[in-house]
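Quick note, the numbering used here runs 1231 ahead of the 1-based positions in the sequence shown.
Glycine residues also receive a C-beta, built at the ideal position from the N, C-alpha and C atoms.
Remember, it's a predicted structure, so these values are computed and weren't measured experimentally.
Report on the following structure.
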Amino acid sequence: MSTRNVIIIGSGPAGLTAALYSARANLNPLVIEGLESGGQLMLTTLVENFPGHRDGIMGPDLMGEMRAQAEKFGAAIVQSHVTSVDLCSSPFVVKTSDGEYTTRSLIIATGASAKLLGIPSERQLMGHGVSTCATCDGYFFRGLEIAVVGGGDSAMEEANFLTKFASKVTLIHRRDTFRASKIMQDKVRANPKIEVRTNAVVHEIKDTGKGEVTGIVLQDTNTGALSEIPVAGVFVAIGHTPNTSLFKGQLELDADGYIVTHEGAKTNIAGVFACGDVQDHIYRQAITAAGSGCMAALDAEHYLDGIPETLHS
Ligand code: NAP
1232 MSTRNVIIIG SGPAGLTAAL YSARANLNPL VIEGLESGGQ LMLTTLVENF PGHRDGIMGP
1292 DLMGEMRAQA EKFGAAIVQS HVTSVDLCSS PFVVKTSDGE YTTRSLIIAT GASAKLLGIP
1352 SERQLMGHGV STCATCDGYF FRGLEIAVVG GGDSAMEEAN FLTKFASKVT LIHRRDTFRA
1412 SKIMQDKVRA NPKIEVRTNA VVHEIKDTGK GEVTGIVLQD TNTGALSEIP VAGVFVAIGH
1472 TPNTSLFKGQ LELDADGYIV THEGAKTNIA GVFACGDVQD HIYRQAITAA GSGCMAALDA
1532 EHYLDGIPET LHS
């Protein structure tokens, strides 16, 4: 099999934007879409903050449009997932569930996965009252009571942010001390719309029968006692895991496992670029991921311009 110009790993907003730009640069990109085709937006409902969609667009529809747009300009998308990469020397080797590729440049857009509580009702009601993104979904809970789960900075930030919309936010944390910074904790405690429930875990989210969130059953971690509170939404804010296990030992990662980028989308290996949530634990928005996908494609194009064997179609 001939060596490709660009392989993109991942098919969320970052990967598909990188595909669009590199396709339009006649680089014949190949997207290996991964196990979670379309990325985190496939788990959301209405996306109201992606510019250009004044009435909002459903997450899966937005990803379908991005995919079709990339394909229209010649990006090839394969439904396999990467099992290993060898970045020791160029061309890079990418092994997938369906075969092996070599490529002159690699764009990594494998994203990050929101950690989940792991209870069945959480997965069933995801996008129907359960969310992992307050910025995306907070607006839907205007005037309603909701819960936020977690004890880190994300949970504090989301709880505070959500009081802009919700009539009441119950913050649920499994211990009685918080991992969050003192200043973030203080903001939460000073917010009259937030009630803090410590030593409590979510036992069940109701009501899978109705297909919407009507309440949560909490379990006291000291006594085991169950209690129920009525809420219309549950925001799970217990952290994210960057999908970087493939690259450990080969690429520079930060202390939390995110790929370190510099000067745009460059990694510590020439010809390897990263974009989207796999290198961004701060903004984590579809639009910022798409923007960084554009940067990665332009960086890859520039890199390939300096390599004599690059083939333009
Ligand atoms: P985090 O610091 O890892 O906190 C995760 C929280 O979720 C912890 O309180 C943890 O409880 C809890 N948790 C984990 N798994 C759980 C489970 N299965 N059930 C219930 N609770 C669970 O994650 P994060 O809050 O997303 O923050 C990640 C990084 O981004 C941190 O470095 C943070 O400082 C940074 N950040 C900064 C800002 C800011 O400065 N504005 C905002 C957001 C995030 P335990 O404490 O019991 O382990």
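Item checked: Thr1498 in three-state terms, based on DSSP -> coil
Check: Who are the near neighbours of Pro1260 in its chain, counting only those whose CB is closer than 6 Å to its CB and skipping five residues on each side?
Finding: Val1237, Ile1239, Ala1250, Ser1253, Ala1254, Ala1306
Next item on the list: Quick one: using the 10 Å Cβ neighbour count with 16 as the cut-off for buried, is Thr1314 buried or exposed?
Entry: exposed
Notebook entry, point to check: Along the chain, which unbroken stretches of the beta strand (DSSP E) at least 3 residues long are found entirely within the region 1302-1346?
Noted result: 1307-1309, 1313-1317, 1323-1327, 1330-1339, 1343-1345
Item checked: DSSP state of Met1215 mapped onto helix, strand, coil -> The shown model of the chain, from 1232 to 1544, leaves out residue 1215, and the question about it has no answer.
Check: How should Leu1482 be labelled, buried or exposed, when 16 other C-beta atoms within 10 angstroms of its C-beta is the threshold for buried?
Finding: buried
Note to self: Buried or exposed for Leu1266, going by 16 or more other Cβ atoms inside 10 Å?
What the structure shows: exposed
Note to self: Give me the DSSP bridge partner(s) of Phe1466.
What the structure shows: Ser1362, Val1379
Item checked: Start and end residues, beta strand (DSSP E) containing Val1503 -> 1503-1505
Note to self: So if DSSP puts Arg1298 in a beta bridge, which residue, or which two residues, is it bridged to?
What the structure shows: DSSP lists no partner for Arg1298.
Item checked: Check whether Gly1246 and Ala1345 have beta carbons under 8 Å apart -> no
Notebook entry, point to check: Where does Pro1322 land, buried or exposed, given buried means 16+ other C-beta within 10 angstroms?
Noted result: buried
Checklist line | Residues of its chain near Ala1397, where Cβ-Cβ distance is below 8 Å and the 5 sequence neighbours each way are ignored | finding: Gly1369, Phe1372, Arg1373, Gly1374, Leu1375, Glu1376, Ile1377, Lys1424, Gly1464
Margin query: If I measure Cβ to Cβ from Val1278 and keep anything under 8 Å in the same chain, skipping five residues before and after, which residues do I get?
Written below: Leu1272, His1284, Gly1287, Ile1288, Met1289, Gly1290, Leu1293, Cys1367, Ala1517
Check: Alpha carbon to alpha carbon, how far is Ala1520 from Thr1475?
Finding: 16 Å
Notebook entry, point to check: When you compare only the Cα positions, how much space is there between Leu1402 and Ser1352?
Noted result: 19 Å
Check: At which residues does the beta strand (DSSP E) containing Arg1235 begin and terminate?
Finding: 1235-1240
Notebook entry, point to check: Using the rule of at least 16 other Cβ atoms within 10 Å of the residue's Cβ for burial, across every protein chain shown, is Met1357 buried or exposed?
Noted result: buried
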